[in-house]
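Visitor: Which chain is which? The protein sequence lines are A and B, in order.
Take 0 as the starting number for the first sequence in numbering that gives the first Met the number 0 and just add one per residue.
Take 0 as the starting number for the second sequence in numbering that gives the first Met the number 0 and just add one per residue.
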Amino acid sequence: MDKRTTAAAVVAELRDGMALGIGGWGSRRKPMALVREILRSPIKELTVVSYGGPDVGLLCAAGKVKKLVYGFVSLDSIPLEPHFRKARQAGGFEAAELDEGMLQWGLYAAACRLPFLPTRAGLGSDVMRINPQLKCVKSPYADGEELVAMPAIELDVALVHMNRADVHGNGQFLGPDPYFDDLFCMAAKRRFLSCEKIVDTREFSKYGSFHTLKLHRAMVDGVVETPGGAHFTECLPDYGRDEAFQKEYAASARDDASWQAFWTRFLDLDSEVAYQEAVRVWRGAGR
Amino acid sequence: MTAASRAEVCAAAVADAFRGDGERLASSFGTVPAIGARLAKLTFAPDLLLTDGIAMLLAEVQPVSGDAKPDPVVEGWLPFRNVFDLLWSGRRHVVMVASQIDRFGNHNFACIGPHAKPRAQLLGMRGAPGNTLNHTTSYWIPNHSPKVFVERVDVCSGVGYDRAAALGPRSARYHEIRRVVSNLGVFDFETPERRMRLRSLHPGVTLDEVVAATGFELAVGGDVPATRAPSDVELRLIREVLDPAGARERELAA
Numbered sequence: 000m001d002k003r004t005t006a007a008a009v010v011a012e013l014r015d016g017m018a019l020g021i022g023g024w025g026s027r028r029k030p031m032a033l034v035r036e037i038l039r040s041p042i043k044e045l046t047v048v049s050y051g052g053p054d055v056g057l058l059c060a061a062g063k064v065k066k067l068v069y070g071f072v073s074l075d076s077i078p079l080e081p082h083f084r085k086a087r088q089a090g091g092f093e094a095a096e097l098d099e100g101m102l103q104w105g106l107y108a109a110a111c112r113l114p115f116l117p118t119r120a121g122l123g124s125d126v127m128r129i130n131p132q133l134k135c136v137k138s139p140y141a142d143g144e145e146l147v148a149m150p151a152i153e154l155d156v157a158l159v160h161m162n163r164a165d166v167h168g169n170g171q172f173l174g175p176d177p178y179f180d181d182l183f184c185m186a187a188k189r190r191f192l193s194c195e196k197i198v199d200t201r202e203f204s205k206y207g208s209f210h211t212l213k214l215h216r217a218m219v220d221g222v223v224e225t226p227g228g229a230h231f232t233e234c235l236p237d238y239g240r241d242e243a244f245q246k247e248y249a250a251s252a253r254d255d256a257s258w259q260a261f262w263t264r265f266l267d268l269d270s271e272v273a274y275q276e277a278v279r280v281w282r283g284a285g286r
Numbered sequence: 000m001t002a003a004s005r006a007e008v009c010a011a012a013v014a015d016a017f018r019g020d021g022e023r024l025a026s027s028f029g030t031v032p033a034i035g036a037r038l039a040k041l042t043f044a045p046d047l048l049l050t051d052g053i054a055m056l057l058a059e060v061q062p063v064s065g066d067a068k069p070d071p072v073v074e075g076w077l078p079f080r081n082v083f084d085l086l087w088s089g090r091r092h093v094v095m096v097a098s099q100i101d102r103f104g105n106h107n108f109a110c111i112g113p114h115a116k117p118r119a120q121l122l123g124m125r126g127a128p129g130n131t132l133n134h135t136t137s138y139w140i141p142n143h144s145p146k147v148f149v150e151r152v153d154v155c156s157g158v159g160y161d162r163a164a165a166l167g168p169r170s171a172r173y174h175e176i177r178r179v180v181s182n183l184g185v186f187d188f189e190t191p192e193r194r195m196r197l198r199s200l201h202p203g204v205t206l207d208e209v210v211a212a213t214g215f216e217l218a219v220g221g222d223v224p225a226t227r228a229p230s231d232v233e234l235r236l237i238r239e240v241l242d243p244a245g246a247r248e249r250e251l252a253a
């Protein structure tokens, strides 16, 4: 089945209030082209689930987030994500903050169609206070241990970015870490994969061993070829993080005028092609 | 060898926190803890596992600064998912930073102020809740002050001894906060009620200084020893091998 589609067609499937999972980790291999397409859309009041980076920062800054399910939001080389901080400090959305491992467990429970998975993580910490819906469960065995019953995090849509994919939705990561992209896809009703390059299925073995084929086609509904689509996050080995541009992005959190200028120059554009061109011009101007 | 700097004393104190850990992942955040973990591996704790900070386990110790980086010898692959598996299995000792810590070792680096609308959003919970219940944790605090050593943390990310005790012995059986190393001294929880105790004072620091910089009552024994100075072998490793560019000094100055 040929599952090729476009960023615009993917975002056309989103509805206000949906639960949206975003793959990658921090400022690493994020499906930024798809996030930028959401920024161009009227979609709002999203529940966003993410090992957060600038995907979360941008969606917060654009006022798209009603609820955020996360363990952290970071730009890695800039530890604190300034747009996320600003929105949090304004009380701008519901903050369902979890331990990082609880987030994995919630996605895995949804992937396995289980109501919850037990874990020790969270017990005794304020994760339980700030997420009052979390409940504990007692082991039915002789140990009788009390554990957190981490509920399934069911997603309407998952967005992930890989180095290579074929038209059928098989996806290949070539960097050091698969992150949790497979779990995001398995936890979601609709799953969209953007990639640096669509290749023939026979070509996967040229790029990496079979161990790098982290997504198979039963986990993916649509494939979008977006070269540079993870920019400005890293997408190794195709490209590293664009640190200079990330600094520019972080600086745009300084005040409303800075954000407006960044928005106008890089985001309020017709397409991903126009974004990439705006970045090229910015780079060429020596900033 | 010239006398050890404060940062070098701190690095050796962090290294000492790893004594007896055996084949465990030594995770560290911050420059001084990174030097401490490496120093431990190069001296008395050769079985420790170290990563490149990304996803690879490295057989050979890498420096934290300088241009001379030997080719990394990858001995294993540890993407985030496997880090979670490993930490749940308990074979890890993490040294985390703290924005706030209280007398029982409750820890906060999530945010300052009420969680619903914080005055300052910081890192978030990250892995602190799960780390503290599953394996040994220590803390590194380069800026010891009453703003960090507080009566009560605004948000509890890492679980301290009073909260662990409230969970009961079964849930808390893997909980251990071994050491807190600050720029002023070394602290532990080796008191009957598991509250924070001054274990040693760094050379040149007085008890009064530590008390004034701590926002709660510390347990203080009769004769508080001085934190040990690193040996000449350790100093050479720190200065020539692990941190030739002196990144450690900047972390304490900040």
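In this text, a Cβ means the ideal position worked out from N, Cα and C, and glycines have one as well.
For clarity, every value in this text was computed on a predicted model and none was experimentally measured.
Rounded to the nearest angstrom, what separates residue 280(A) and residue 164(A) at their Cα positions?
Guide: The count along the first sequence starts at 1 and reaches residue 280(A) at position 281. The count along the first sequence starts at 1 and reaches residue 164(A) at position 165. Approximately 29 Å, taken between the alpha carbons.
Visitor: Based on DSSP bridge pairs, tell me the residues matched to residue 201(A).
Guide: Reading the first sequence from its first residue, position 202 is the one you call residue 201(A). In DSSP, residue 201(A) forms no bridge with anything.
Visitor: For residue 156(A) versus residue 67(A), is the C-beta spacing smaller than 9 Å?
Guide: As a first step, residue 156(A) is located in the first sequence; it is residue number 157 there, counting from the start. As a first step, residue 67(A) is located in the first sequence; it is residue number 68 there, counting from the start. Taking 9 Å as the Cβ cut-off, residue 156(A) and residue 67(A) do not qualify as a contacting pair.
Visitor: Determine, using beta carbons only, whether residue 52(B) and residue 70(A) come nearer to each other than 9 Å.
Guide: The residue labelled residue 52(B) in the question sits at position 53 within the second sequence. The residue labelled residue 70(A) in the question sits at position 71 within the first sequence. For residue 52(B) and residue 70(A), no; Cβs fall outside 9 Å.
Visitor: Which residue or residues does DSSP assign as beta-bridge partners of residue 100(B)?
Guide: Here residue 100(B) refers to the residue found at position 101 of the second sequence. Note: residue 100(B) sits in a beta bridge opposite 106(B) and 148(B).
Visitor: Return yes when the Cβ of residue 71(B) is within less than 9 Å of the Cβ of residue 57(B), no when it is not.
Guide: For the purposes of this step, residue 57(B) is taken as residue 58 along the second sequence, with counting starting at 1. For the purposes of this step, residue 71(B) is taken as residue 72 along the second sequence, with counting starting at 1. Result yes, Cβ atoms of residue 57(B) and residue 71(B) sit closer than 9 Å.
Visitor: Can you tell me whether residue 203(B) is buried or exposed? The criterion is at least 16 other CB atoms within 10 Å of its CB, across all chains shown.
Guide: The residue given as residue 203(B) occupies position 204 in the second sequence. Residue 203(B) should be labelled exposed.
Visitor: Nearest to residue 63(B) by CA position, among 43(B), 37(B), 54(B) and 88(B), is which residue?
Guide: For the purposes of this step, residue 63(B) is taken as residue 64 along the second sequence, with counting starting at 1. The candidate whose alpha carbon is nearest that of residue 63(B) is 37(B).
Visitor: Look at the alpha carbon of residue 243(A) and the alpha carbon of residue 249(A), and state the distance between them as a whole number of angstroms.
Guide: What you label residue 243(A) is simply residue 244 of the first sequence in a count that begins at 1. What you label residue 249(A) is simply residue 250 of the first sequence in a count that begins at 1. Those two C-alpha atoms are separated by around 10 Å.
Visitor: What runs of the alpha helix (DSSP H), each 4 residues or longer, lie entirely inside the stretch 211-243 of chain B?
Guide: Entirely contained in the stretch 211-243 of chain B, the alpha helix (DSSP H) runs reaching 4 residues are, in chain order, 231-235.
Visitor: Using a cut-off of 8 Å between C-beta atoms, extract the partners of residue 133(B) located in chain E.
Guide: This model lacks chain E altogether; the protein chains it does include are A and B.
Visitor: Taking a Cβ distance cut-off of 8 Å, strictly less, list which residues of the stretch 103-135 of chain B are near chain A, in chain order.
Guide: Residues 109, 110, 114, 115, 116, 117, 118, 119, 120, 121, 122, 123, 124, 125, 126, 127, 128, 129, 131, 132 and 133.
Visitor: What would DSSP say about residue 152(A), mapped onto helix, strand or coil?
Guide: Sequence index remark: in the first sequence, residue 152(A) carries index 153 (1-based). It is coil, neither helix nor strand.
Visitor: Alpha helix (DSSP H) containing residue 184(A): first to last residue?
Guide: As a first step, residue 184(A) is located in the first sequence; it is residue number 185 there, counting from the start. It spans 180-185 - the alpha helix (DSSP H) in which residue 184(A) sits, taken as one unbroken run.
Visitor: Output, in sequence order along the chain, the residues in the stretch 173-204 of chain A whose CB is closer than 8 Å to any CB in chain B.
Guide: Listed by position along the chain: 175, 176, 177, 178 and 179.
Visitor: Less than 9 Å between CB atoms is the rule here; does residue 273(A) satisfy it with respect to chain B?
Guide: Here residue 273(A) refers to the residue found at position 274 of the first sequence. Closer than 9 Å: no.
Visitor: In the DSSP assignment, the beta strand (DSSP E) including residue 187(B) goes from what residue to what residue?
Guide: Residue 187(B) sits at position 188 when you count from the first residue of the second sequence. Residues 184-187.
Visitor: In whole angstroms, what separates the C-alpha of residue 138(B) from that of residue 233(B)?
Guide: Against the second sequence, residue 138(B) aligns to sequence position 139. Against the second sequence, residue 233(B) aligns to sequence position 234. The alpha-carbon atoms of residue 138(B) and residue 233(B) are separated by roughly 21 Å.
Visitor: Run through chain A and tell me which residues come within less than 7 Å of residue 163(B), C-beta to C-beta.
Guide: The count along the second sequence starts at 1 and reaches residue 163(B) at position 164. Residues of chain A passing the Cβ test: 123.
Visitor: Does any residue of chain A have a CB that is nearer than 9 Å to the CB of residue 147(B)?
Guide: As a working mapping, residue 147(B) is identified with position 148 in the second sequence. Chain A contact via Cβ: absent.
Visitor: Under 9 Å, CB to CB, which of the residues in the stretch 53-64 of chain B have a partner in chain A?
Guide: Answer in chain order: 53, 54 and 55.
Visitor: By the 10 Å Cβ neighbour count, where 16 or more other Cβ atoms means buried, how is residue 198(B) classified, buried or exposed?
Guide: The count along the second sequence starts at 1 and reaches residue 198(B) at position 199. Residue 198(B) comes out buried.
Visitor: Taking just the CA atoms, how far does residue 40(B) sit from residue 21(B)?
Guide: Position 22 of the second sequence holds residue 21(B). Position 41 of the second sequence holds residue 40(B). One C-alpha to the other measures close to 10 Å.
Visitor: List, in chain order, every chain A residue whose beta-carbon is nearer than 7 Å to that of residue 166(B).
Guide: As a position in the second sequence, residue 166(B) is number 167, starting the count at 1. Neighbours of residue 166(B) on chain A, chain order: 122 and 123.
Visitor: Pop quiz: residue 29(A) and residue 1(A) are said to be a contact at Cβ under 8 Å. What is the actual Cβ separation, rounded to whole angstroms?
Guide: By one-based count along the first sequence, residue 29(A) stands at place 30. By one-based count along the first sequence, residue 1(A) stands at place 2. Their Cβ separation, rounded to whole angstroms, is 26 Å, which puts residue 29(A) and residue 1(A) out of contact at 8 Å.
Visitor: Could you say which of 83(A), 77(A) and 262(A) lies nearest to residue 64(A) if we only look at CA atoms?
Guide: Indexing the first sequence from 1 puts residue 64(A) at position 65. Checking every option, the nearest Cα to that of residue 64(A) belongs to 83(A).
Visitor: Can you tell me whether DSSP reads residue 101(A) as helix, strand or coil?
Guide: Position 102 of the first sequence, counted from the first residue, corresponds to residue 101(A). Helix, per DSSP.
Visitor: Ignoring anything shorter than 3 residues, give me the beta strand (DSSP E) runs that lie fully in the stretch 6-40 of chain B, in order along the chain.
Guide: Here the runs fully enclosed are 24-27.
Visitor: Against chain B, with Cβ distances strictly below 9 Å, would residue 69(A) count as a contact?
Guide: As a first step, residue 69(A) must be located in the first sequence, where it is residue number 70. It does; some Cβ of chain B falls within 9 Å.
Visitor: With DSSP as the reference, identify every bridge partner of residue 199(B), one or two as the case may be.
Guide: For the purposes of this step, residue 199(B) is identified with residue 200 of the second sequence, where counting begins at 1. Per DSSP, 185(B).
Visitor: What does the alpha-carbon distance come out to for the pair residue 102(B) and residue 215(B)?
Guide: Here residue 102(B) is taken as the residue at index 103 of the second sequence, counted from 1. Here residue 215(B) is taken as the residue at index 216 of the second sequence, counted from 1. Whole-angstrom Cα-Cα distance: 7 Å.
Visitor: Could you please tell me which residues of the stretch 73-95 of chain A, in chain order, have their CB closer than 8 Å to any CB of chain B?
Guide: Listed in sequence order: 73, 78, 79, 83, 84, 87, 88, 89, 90 and 94.
Visitor: Locate the beta strand (DSSP E) running through residue 93(A), then write down its first and last residues.
Guide: If you number the first sequence from 1, residue 93(A) lands on position 94. Run containing residue 93(A): 93-96, per the beta strand (DSSP E) assignment.
Visitor: Using a 10 Å radius around the Cβ and a threshold of 16 neighbouring Cβ atoms, would you call residue 209(A) buried or exposed?
Guide: Locating residue 209(A) in the first sequence gives position 210, counting from the first residue. Counting Cβ neighbours within 10 Å, residue 209(A) comes out exposed, since fewer than 16 surround it.
Visitor: Residues of chain A with a CB under 8 Å from the CB of residue 169(B): which are they?
Guide: On the second sequence, position 170 is the one that residue 169(B) refers to. In chain order: 142, 143, 144 and 145.
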